[in-house]
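With the working numbering, the residue at position 34 of the sequence shown is 58, and numbering never jumps.
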Amino acid sequence: MEESLHTLNHINMFGLFKKTSELDKLQKKYEKLMADWHRLSTTNRAESDKKYAEAEQILKQIEALKS
């Protein structure tokens with residue numbers, strides 16, 4: 025256990041577990057919102073529309089970061 029913890033700390037020092045970028049975070053959020061939108065589309069249209077609108081805003085942010 026102690027050896028694996030030491031190895032993990034050593035690997036982390038060299039950046040192999042780098043933090044996720046802002047773009048990665050936004051893409052994950054977009055994917056979650058779209059999954060929620062799809063799930064809600066058959067049961068709650070108002071909530072579904074809100075999720076879709078949120079996803080569209082996130083998509084605009086993603087496109088802005090890419091350009």
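Every residue gets a Cβ at the ideal spot worked out from N, C-alpha and C, and that includes glycine.
Whether residue i touches residue j by CB criterion (8 Å)
i     : j     : result
Lys75 : Leu89 : no
Glu55 : Leu64 : no
Residue i, enclosing alpha helix (DSSP H) - first and last residue
i     : result
Ser65 : No alpha helix (DSSP H) contains Ser65, which DSSP labels as neither H nor E.
Close beta carbons around residue i, own chain, < 7 Å, minus the five adjacent residues each side
i     : result
Lys49 : none
Gln85 : Leu50
Ile82 : Leu50, Lys53, Tyr54 and Leu57
Ala79 : Tyr54, Leu57, Met58 and Trp61
Beta-carbon contacts of residue i that lie in its chain and below 6 Å, excluding the five residues immediately before and after
i     : result
Asp60 : Lys75
Ala77 : none
Nonlocal neighbours in the same chain, by C-beta distance under 8 Å from residue i, ignoring five residues either side
i     : result
Leu47 : Ile86, Leu89 and Lys90
Span separating the alpha-carbon of residue i from that of residue j
i     : j     : result
Thr66 : Ser45 : 33 Å
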